[in-house]
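Worksheet for the structure shown next.
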DNA sequence: ACACGTGTTATGCG
DNA sequence: TCGCATAACACGTG
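In our numbering, the protein residues as written are 963 to 1227.
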């Protein structure tokens, strides 16, 4: 689920509901999610401090802490979510449409911060591909996909010979695009996902850049990549919402890819 | 039972 | 070493 738009939603939730409260306890016992730390390491670094600001680049978040403490890096992996509950236990962030914090097995809470107020921040993940770690290295990431300017986008996108979809998914080139946002963006730009980046002309690069911005912003505004017009039509028997042609499926850039064979030819 | 998967990263190959 | 492709990771879901 989580691509750039979902992560931005989670970041904003932390900003609204979890800053400037003193941390009373941290459950960091999941050694896979908290790797490479050992149990208690993150807890010891955070207890007594406050979260002071929530940042994001692409799909990576990091939260700074008071008294020059380490930053807490959070990554939602493929299925992670952030839930925040108030002192009375009600879900104040992350509980969209009745599916609240109470649903799901307790062991799917992979990392938990309890504040002195009684409020709780939880990293919830049915899988275990989410991650919590201290002082994450975000320097290897490319510029945020929602912010990158045209000149830098062109430079980074068109180097080499990879298929354009694979390049969009490369977090070192551009941070934040996942499989669904890539398909939505390419559909909006009317580009074949298999097109080699070195064959794109200036117009196509410009169109792609604009499509990326608009798809990203729309997804943030509407609450997730699932709201993209073409996303519901990915799947067997799906049709292009513009021209009605049957959607084509193949693996591109190592991921399942759906596109309109007529318009994205 | 088995294939699939919205992310990241180690490994392998030319 | 670079650029790219693939497997592996963990584990629920259809």
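Heads up, the beta-carbon is just placed ideally off N, CA and C, and yes, glycines get one too. Keep in mind that this is a model prediction, so the values were computed, not measured.
- The Cβ atoms of residue 988 and residue 1022 do not sit closer than 9 Å to each other.
- In this structure, DSSP gives residue 1023 an extended state, which the three-state scheme calls strand.
- In the DSSP annotation of this structure, the continuous segment of the alpha helix (DSSP H) that includes residue 1183 starts and ends at 1164–1184.
- Under the three-state reduction of DSSP, residue 1055 is assigned to strand.
- Counted as a single uninterrupted DSSP element, the beta strand (DSSP E) harbouring residue 1221 occupies residues 1217–1221.
- Annotated as distal: residue 999 and residue 1098, with beta-carbon spacing of 9 Å or more.
- When secondary structure is reduced to three states using DSSP, residue 1106 falls in the strand class.
- When DSSP states are grouped into helix, strand and coil, residue 1036 belongs to the strand group.
- Looking at 1154, 994, 1042 and 1077, the one whose alpha-carbon comes closest to that of residue 1008 is 1077.
- Of the other Cβ atoms in all chains shown, fewer than 16 fall within 10 Å of the Cβ of residue 1067; this residue is therefore exposed.
- Inclusion of residue 1016 and residue 981 in the CB contact set at 9 Å is warranted, their separation being smaller than that value.
- The C-beta separation of residue 1105 from residue 1137 comes to about 7 Å, placing the pair in contact by the 8 Å criterion.
- Annotation for residue 1094: the continuous beta strand (DSSP E) segment containing it runs 1093–1096.
- For residue 974, the enclosing alpha helix (DSSP H) begins and ends at 966–979.
- With fewer than 16 other Cβ atoms inside 10 Å of its own Cβ, residue 1001 counts as exposed.
- Given a length threshold of 3 residues, each whole run of the beta strand (DSSP E) inside the segment 992–1021 is given here in chain order: 1013–1019.
- Of the residues 1214, 1047, 976 and 1041, the one whose Cα lies closest to the Cα of residue 1157 is 1214.
- Excluding residues up to 5 positions away in sequence, 1017, 1033, 1035 and 1098 lie with their Cβ nearer than 6 Å to the Cβ of residue 1024 in the same chain.
- For residue 1212, the enclosing beta strand (DSSP E) stretches over residues 1210–1214.
- Beyond the five residues adjoining it in sequence on each side, residue 1047 comes within less than 7 Å, by CB distance, of 1053, 1054, 1063, 1081 and 1082 in the same chain, given in chain order.
- For secondary structure counted as the alpha helix (DSSP H) over 4 or more consecutive residues, the segment 1112–1164 holds these complete runs in sequence order: 1112–1120, 1126–1131 and 1141–1151.
- When the beta-carbon positions are compared, residue 972 and residue 1043 come within less than 9 Å of each other.
- Judged by beta-carbon spacing, residue 1087 lies beyond the 9 Å limit of residue 1056, meaning their Cβ atoms are not closer than that value.
- DSSP, read as helix, strand or coil, puts residue 988 in strand.
- By the 16-neighbour rule on beta-carbons within 10 angstroms, residue 1186 is buried.
- Residue 1172 is positioned such that its CB atom lies no closer than 9 Å to that of residue 1153.
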